[in-house]
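Scroll down for the structure; my scribbles are underneath it.
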Amino acid sequence: MLWKCWRDLRLFVWIGLAWLAVVFAALVYVRLHGLAEAHIATADHAARVEPQLAAGLMFIQMAFVLLAWSMGTVGIGRDLGHGAGSWMLTRPTPRGRFVWTEWVSGLATLAGLLACAEFMWWVALRLHIFQFFIDSPNPAATPLLIEPTLPFGLATVASLCVFLFLALIFSVTHCGTVSLRHSTRGLISCLGFLIAYGILFHEIAQHGPLWMPRLPDLFLDPSVEHGSPLTYRPDLVSSIMERLAVLPLFPLIAHLFLRQAEV
Amino acid sequence: MSDPVILTRSLVKRYGRIVALDDLSLSVPRGSIYGFLGRNGAGKTTAIRVLAGLARPASGEATVLGLDPQRDRVALLERTGFVIEKTLLPSLTGNEIVRFNRSFFPGWSDALVKKYADALEVPMDRRFRKLSQGSRTKLCLLVALAQGAELLILDEPTLGLDPVITDQLLRILVDDVAASGRTILMSSHHLSEVEKIADWVGIIDRGRLLLEAQLDDIRSAYARVRASGRDLPHSGPAILTAATTGEISEYVLRSGAAEFTAELSRQGAVILEVSPMNLSEIFLELVGKEKPDAVEVLA
Numbered sequence: 001m002l003w004k005c006w007r008d009l010r011l012f013v014w015i016g017l018a019w020l021a022v023v024f025a026a027l028v029y030v031r032l033h034g035l036a037e038a039h040i041a042t043a044d045h046a047a048r049v050e051p052q053l054a055a056g057l058m059f060i061q062m063a064f065v066l067l068a069w070s071m072g073t074v075g076i077g078r079d080l081g082h083g084a085g086s087w088m089l090t091r092p093t094p095r096g097r098f099v100w101t102e103w104v105s106g107l108a109t110l111a112g113l114l115a116c117a118e119f120m121w122w123v124a125l126r127l128h129i130f131q132f133f134i135d136s137p138n139p140a141a142t143p144l145l146i147e148p149t150l151p152f153g154l155a156t157v158a159s160l161c162v163f164l165f166l167a168l169i170f171s172v173t174h175c176g177t178v179s180l181r182h183s184t185r186g187l188i189s190c191l192g193f194l195i196a197y198g199i200l201f202h203e204i205a206q207h208g209p210l211w212m213p214r215l216p217d218l219f220l221d222p223s224v225e226h227g228s229p230l231t232y233r234p235d236l237v238s239s240i241m242e243r244l245a246v247l248p249l250f251p252l253i254a255h256l257f258l259r260q261a262e263v
Numbered sequence: 001m002s003d004p005v006i007l008t009r010s011l012v013k014r015y016g017r018i019v020a021l022d023d024l025s026l027s028v029p030r031g032s033i034y035g036f037l038g039r040n041g042a043g044k045t046t047a048i049r050v051l052a053g054l055a056r057p058a059s060g061e062a063t064v065l066g067l068d069p070q071r072d073r074v075a076l077l078e079r080t081g082f083v084i085e086k087t088l089l090p091s092l093t094g095n096e097i098v099r100f101n102r103s104f105f106p107g108w109s110d111a112l113v114k115k116y117a118d119a120l121e122v123p124m125d126r127r128f129r130k131l132s133q134g135s136r137t138k139l140c141l142l143v144a145l146a147q148g149a150e151l152l153i154l155d156e157p158t159l160g161l162d163p164v165i166t167d168q169l170l171r172i173l174v175d176d177v178a179a180s181g182r183t184i185l186m187s188s189h190h191l192s193e194v195e196k197i198a199d200w201v202g203i204i205d206r207g208r209l210l211l212e213a214q215l216d217d218i219r220s221a222y223a224r225v226r227a228s229g230r231d232l233p234h235s236g237p238a239i240l241t242a243a244t245t246g247e248i249s250e251y252v253l254r255s256g257a258a259e260f261t262a263e264l265s266r267q268g269a270v271i272l273e274v275s276p277m278n279l280s281e282i283f284l285e286l287v288g289k290e291k292p293d294a295v296e297v298l299a
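In order, the protein sequences belong to chains L and W.
Residue numbering for the first sequence follows the numbering used here, beginning at 1 and increasing consecutively.
Residue numbering for the second sequence follows the numbering used here, beginning at 1 and increasing consecutively.
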């Protein structure tokens, strides 16, 4: 079954890696030819650049939203839509195994792509430092002072936040595709869910009575205070835990649908 | 009937207001080739879906190999090969479908894949969506046959196959599957194909089983009788249908043709013809009736 998951997802892996290759090529070009001002930068410059780098990394990774959205449409839901349901569901395995294996494989694929993006970003930054050593025009500047390297912790938190959002998109689409037995319906259901949840979240937060429990914030970056990219949110860990707890609900719903499904 | 591998009792399945199965009670003996016959929409596929655990009956019970299709689904599917819809995974080639399927079945045989791919002329390196209807059916059958299942349940297995491949398939079912003591339930409305290989027959119409019996018993029991005479009977336990034109009456009898003709003779009738019936004629008589009689088991 893992082989089939790979067979279904591999196209998205190639697309994701191709996107990263293009971005990497552009980064290398810009780093080696366009950012001469960094050579005379100071520690203050580095402090200013760091959040920009984090934002840049997140931007590159967020391009995977479309990929996550599309990835949710493959698997048993699509097979049901193609009329292969009676064959698939007469394989001797619990129906839920299809759902959970696909879900875990999808998340692993997204995590792998994001890790590749982070690695690529890290390499691109090292290229910059490498260039500094070659032809630094400012003898007063030292690599330690000007190193605009994205700190590992911040980069990882940034990647984790993007992962949580992509995982949400993938999980909702996958759940919709399985439950509605059709890829296009899965795509539309994801959009519908995000819009409906966003409205509900906003309405409860703004106009809901005090006794009403707030919904988990599934959209905003959980790592930073809104509007202040340099400060971690005080509830960073609980926010991440909340999102991690919400994610398995979608395959669980899909599992329950598939278990009851008549084909 | 001894040791049935498939047993259903009073199965009812409804889709909205449509009754797809109406009190269906089947019994398929171990080691038999059971022809499950019916017109389009008679309920054959619905019954098979219930047996595969793909549909839940509104009431009644079903067991396959002694297992409940809903509760013991995985154990049942490990031992049973199903061909229902002739649709596999569209983007995979035959070889990839085999690769995917292999891991599910402990009795899987790559040697059988090779053998049946050659015998049925299945293009294994082409994507499923690119295959013709006949090749799709063949690939579905190949995958089911290579499982080494002790029970095969095939829904319209010859659909879209040319006569040569149909013949080849029927040979495989008889020589390779049935000869090794395995059981086959094969639904069809192609009576001549079923008549070639089946030893048991069940005829279903409007969700109800009209007849279940060994094929040889059916052939020997059913008869068409033409008689001439006045005031001849139109109903009786042995009479399936009766039609009278002038003084000529034509009967289709379920059984007891000798006793029936003797009785007609005693009433002064002249027996013009007593002829055996083939499966096709019996089928047409049974499903052609407006109000089907209760199920008949000639076991």
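Quick reminder that beta carbons are idealized off the backbone N, C-alpha and C, glycines included.
Fair warning: this is a prediction, and the values are worked out from it, not measured in the lab.
- Note on geometry: alpha-carbon atoms of L/L114 and L/L200 lie some 30 Å from one another.
- Judged by their CB atoms, W/Q133 and W/G107 are not nearer to each other than the 8 Å cut-off.
- Residue pairing by DSSP puts W/Q214 in a beta bridge opposite W/W200.
- Of all residues in the region 76-97 of chain L, only D79, H82, G83, A84, S86, W87, L89, T90, R91, P92, T93 and P94 place a beta-carbon less than 7 Å from a beta-carbon of chain W.
- Shown here, L/T93 sits in coil according to DSSP, grouped into three states, outside any helix or strand.
- Note on geometry: alpha-carbon atoms of L/F250 and W/R126 lie some 35 Å from one another.
- For W/Y251, the CB contacts under 6 Å within the same chain, skipping 5 residues up- and downstream, are V225, I239 and A242 in chain order.
- Distance from the Cα of L/L258 is smallest, within the candidate group L/I195, L/R10, L/Q61 and L/T93, for L/T93.
- The C-alpha of L/Y197 is placed about 56 Å away from the C-alpha of W/I33.
- The three-state secondary structure of W/P163, taken from DSSP, is helix.
- Within the same chain, and ignoring the five residues on either side of W/A111 in sequence, no residue has its Cβ closer than 6 Å to its Cβ.
- Around the beta-carbon of W/Q267, fewer than 16 other beta-carbon atoms lie within 10 Å, marking it exposed.
- Leaving aside the five residues that flank L/R95 on each side, the residues in its chain whose CB is nearer than 7 Å to its CB run, in chain order, L89, L258 and R259.
- Excluding sequence positions up to five before and after W/R17, its CB lies less than 7 Å from no other CB in the same chain.
- By the criterion of at least three beta-carbon pairs nearer than 8 Å, the region 46-54 of chain W is in contact with the region 8-28 of chain W.
- In the three-state scheme derived from DSSP, where H, G and I count as helix and E and B as strand, W/Y251 is classed as strand.
- With a threshold of 8 Å between beta carbons, L/W3 makes contact with chain W.
- Interface flag for L/E262 against chain W is set, since a Cβ pair is found closer than 8 Å.
- Two segments are said to touch when three or more pairs of C-beta atoms, one from each, lie closer than 8 Å; by this definition the region 82-99 of chain W does not touch the region 58-74 of chain W.
- Put simply, the CB of W/T87 is near chain L, with a gap under 8 Å to one of its CB atoms.
- Using beta-carbon distances, W/R226 does not count as an interface residue toward chain L, since no partner is under 8 Å.
- Around the beta-carbon of W/P4, 16 or more other beta-carbon atoms lie within 10 Å, marking it buried.
- For W/Y116, the enclosing alpha helix (DSSP H) stretches over residues D110 to A119.
- Looking at W/V177, W/L92 and W/G229, the one whose alpha-carbon comes closest to that of W/G81 is W/V177.
- Within chain L, the C-beta atoms nearer than 8 Å to that of W/E78 come from P92, in chain order.
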